[in-house]
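Last residue of the sequence shown: number 757 in this note's numbering, and the count goes up by one each step with no gaps.
Glycine included, every Cβ here is placed at the ideal spot set by N, Cα and C.
Being a predicted model, the structure only gives us computed values, none of them experimental.
Below: one structure, written as structure tokens.
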Amino acid sequence: MKRAIKLSIGDVVRDRDSKTLGTVSGIAAQATGNLVALQVTGGVRLVEPKDVEMVARRSEPMTTRRAVGTATAFVLALLVAYLGGNTVYGLGADWLVVGLTSLGGYMAVSYLYGVVLRLVRPRRFRV
Numbered sequence: 631m632k633r634a635i636k637l638s639i640g641d642v643v644r645d646r647d648s649k650t651l652g653t654v655s656g657i658a659a660q661a662t663g664n665l666v667a668l669q670v671t672g673g674v675r676l677v678e679p680k681d682v683e684m685v686a687r688r689s690e691p692m693t694t695r696r697a698v699g700t701a702t703a704f705v706l707a708l709l710v711a712y713l714g715g716n717t718v719y720g721l722g723a724d725w726l727v728v729g730l731t732s733l734g735g736y737m738a739v740s741y742l743y744g745v746v747l748r749l750v751r752p753r754r755f756r757v
């Protein structure tokens with residue numbers, strides 16, 4: 631069975647044969663199958679996907695724009711939780727219903743923010 635690995639451009643990988651480290655710069659389509667293009671010190675090296683070993687994922691520091699988006703989502707989630715809980719409390723609900731409504735409102739906004747982050751993250755390709 632062929633083992634598939636998901637890679638993103640910029641991931642740090644190791645060639646198992648020569649033990650050299652490199653960053654993924656793309657994939658090259660060949661008649662025999664896809665090859666992983668690694669950026670190494672001497673240039674670009676094409677490697678079989680079965681010979682690639684993951685070392686580290688590409689990571690970037692959080693930008694100011696993303697930090698503001700995260701803070702805004704958190705404040706919005708707290709606001710929705712408060713409004714939901716306060717509304718059902720005003721209708722005479724028990725404390726358990728108030729707590730669950732607040733939790734539901736907070737989680738709805740949190741999950742929506744998580745979906746947005748999943749859509750805008752770097753793409754990974756299977757080799």
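Cβ-Cβ separation, residue j to residue i (assumed contact under 8 Å), whole Å
i            : j             : result
alanine 610  : serine 732    : Only positions 631 to 757 of the chain appear in this structure, which leaves residue 610 out of reach.
arginine 677 : valine 666    : The sequence shown places valine at residue 677, not arginine. The pair is a contact, with the Cβ atoms about 5 Å apart (cut-off 8 Å).
glycine 734  : glycine 720   : Wrong, their Cβ atoms sit about 17 Å apart, outside the cutoff.
arginine 696 : serine 638    : Contact doesn't hold; Cβ gap of about 17 Å is too wide.
serine 740   : alanine 701   : No, serine 740 and alanine 701 are not in contact; Cβ-Cβ is about 13 Å, not under 8 Å.
valine 643   : glutamate 683 : 6 Å
Collapsed DSSP secondary structure at residue i in the structure displayed
i             : result
aspartate 681 : helix
leucine 676   : strand
leucine 637   : strand
leucine 721   : coil
arginine 753  : coil
alanine 697   : helix
alanine 738   : helix
alanine 703   : helix
alanine 661   : coil
Bridge-paired residues (DSSP) for residue i
i           : result
alanine 667 : Gly656 and Leu676
alanine 686 : Val642
leucine 733 : Beta-bridge pairing links leucine 733 to no other residue.
leucine 651 : Arg644
Contact set for residue i: own chain, Cβ-Cβ below 7 Å, skip 5 residues either direction
i             : result
aspartate 681 : Asp645, Arg646 and Asp647
valine 727    : Val718
Same chain only: Cβ atoms within 6 Å of residue i, ignoring 5 sequence neighbours per side
i             : result
glycine 652   : Leu668, Gln669 and Val670
proline 752   : Ser638
aspartate 641 : Val654, Arg687 and Arg688
arginine 675  : Leu668
Chain-order list of residues whose beta-carbon lies under 8 Å from that of residue i (same chain, five-residue window excluded)
i              : result
asparagine 664 : Ile657, Ala658, Pro679 and Val757
tyrosine 736   : Ala707, Leu708, Val710 and Ala711
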